């Protein structure tokens, strides 16, 4: 009996030691084996996911067409209005309807051309060109937003998959511990009680329930990621088997932070509010609204052209027939008429002034939108930076203090239980706490990477290789 007790306790110690090891490392090893068995092209890294999402983004295509449409409109903006041609038979006598009876009877052909007010056509061309120039900035911002959204979805999928693997690796160990405790109780060895068996079975069931929930979470996260990455234009030609969630294989570990992002964090640690404001002023979203402001100033100039006179030129040629022989056969000269019409804004000045005022206020609205946008970007940048710093501090605390202490606590609880000075509940509680801490560390690491992805959205356009601000 004494040998049986020793064997049982030795097995428990062995299992506890296995459980006390770094489960994150175990999970990475398990994922490594899975990734090694999967084709390389199926491993979806974060950078690869971002590239796929940007390539399949139809919004970028739409923006390009919008730019081309505006450029086409600018090409035709300089065209003058169509001329007006008039043809008429003038002063035809009604007593005989003879074309040569009266001297004033003539066949008249005329043409008139309206001219735009001031520089309206040139300004309209410039307005379309300015509006078209906004689209490249919109596309640059869209590329950054797609990278951010892809990063969030990918990191969510990675977190849920890693937590799933963490619990999946822990279940067999708890299952074996449950069997050993049951064997110890059956043989009446040690201080194992019936409640210890119930507790072991309960924790195992709870872990299985946790695994089911995490499996659902990771499938949902992968579904969101694959849906976001899919090319909708080819979706109808893609079979269900090609879209299976099982085809998404994530890497076994997070890639190191690239140098550019490290420079961004380093720059933020010492950057003043004014420096941050200056950097954000070169953000593509801000540059896009600056183009809208420029277009609105052109709208004001176009409205001011309504105060200029509008000219129209006209010319006509009147063909007359010579007098009849009965009237002496006198030769009659044709008539040529040339004139200019001028439209003066004398009575519509109030309407024109109102239009100018409205256009000016629209421009001021755009300027206010720019200031609000800069404030929003500045607040967002500082917010995610604080989130990054907080997550980094918590990550260090978990890695350097909480997890080592929980491992020590697990070992201490196990030693006390094997020496009949502690309860089995303390052993299970310590193990669950350690597992929860490992899951918390994964979540904190992912939150840190999410904050870094947001920082990358705000600053990636302007941090150069020297770590200083420079708009590319």
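In this note's numbering, the protein residues as written are 1173 to 1644. C-beta: ideal position from N, C-alpha, C; glycine also. Just so you know, these numbers come straight off a predicted model, no measurement behind them.
Within the region 1492-1535, there are no complete alpha helix (DSSP H) runs of at least 4 residues. When the Cα atoms are used, residue 1336 and residue 1544 turn out to be separated by approximately 42 Å. Classified as buried, residue 1578 has 16 or more neighbouring CB atoms from the shown chains inside 10 Å of its CB. Taking residue 1467 as the centre and dropping the five residues before and after it, the same chain places the C-beta of 1299, 1302, 1303, 1306 closer than 8 Å to its C-beta, in chain order.
Annotation: residue 1264 to residue 1271 spans about 7 Å, alpha carbon to alpha carbon. Ranked by Cα distance from residue 1542, the options 1273, 1449, 1392 are led by 1449. For residue 1312, the closest alpha carbon among the candidates 1229, 1216, 1435, 1613 is that of 1229. Contact between the region 1426-1440 and the region 1517-1531 is not established, with fewer than three Cβ pairs separated by less than 8 Å. In the DSSP annotation of this structure, the continuous segment of the alpha helix (DSSP H) that includes residue 1615 starts and ends at 1596-1631. Between the region 1221-1228 and the region 1271-1282, the count of Cβ pairs shorter than 8 Å is below three; the stretches do not touch.
The C-alpha of residue 1266 is placed about 48 Å away from the C-alpha of residue 1477. Taking C-alpha positions only, residue 1537 is separated from residue 1453 by approximately 18 Å.
Bounds of the alpha helix (DSSP H) holding residue 1584 are 1575-1590. In this structure, DSSP gives residue 1488 an extended state, which the three-state scheme calls strand.
Per the C-alpha coordinates, the member of 1244, 1293, 1261, 1279 positioned closest to residue 1470 is 1293. Between residue 1600 and the set 1252, 1242, 1375, the nearest pair of CA atoms involves 1375. Taking the Cα positions, residue 1458 is about 7 Å away from residue 1546. In this model, residue 1258 and residue 1283 are separated by some 6 Å (Cα to Cα). Annotated three-state conformation of residue 1430 is coil, per DSSP.
Judged by their CB atoms, residue 1224 and residue 1401 are nearer to each other than the 9 Å cut-off.
The C-beta of residue 1421 has 16 or more other C-beta atoms within 10 Å across all chains shown, which makes the residue buried.
Counted as a single uninterrupted DSSP element, the stretch harbouring residue 1281 is not any alpha helix (DSSP H) but the beta strand (DSSP E) occupying residues 1278-1286.
The DSSP-derived three-state label of residue 1261 is strand. Classified as exposed, residue 1533 has fewer than 16 neighbouring CB atoms from the shown chains inside 10 Å of its CB.
Residue environment for residue 1445: exposed (fewer than 16 other C-beta atoms within 10 angstroms of its C-beta). For the pair residue 1626 and residue 1559, the CB atoms are nearer than the 9 Å cut-off.
Classified as exposed, residue 1502 has fewer than 16 neighbouring CB atoms from the shown chains inside 10 Å of its CB.
One thing to note: residue 1329 has its Cβ within 9 Å of the Cβ of residue 1396. In this structure, residue 1327 lies away from residue 1252, with their beta-carbon atoms at least 9 Å apart.
Less than 9 Å divides the Cβ of residue 1611 from the Cβ of residue 1338.
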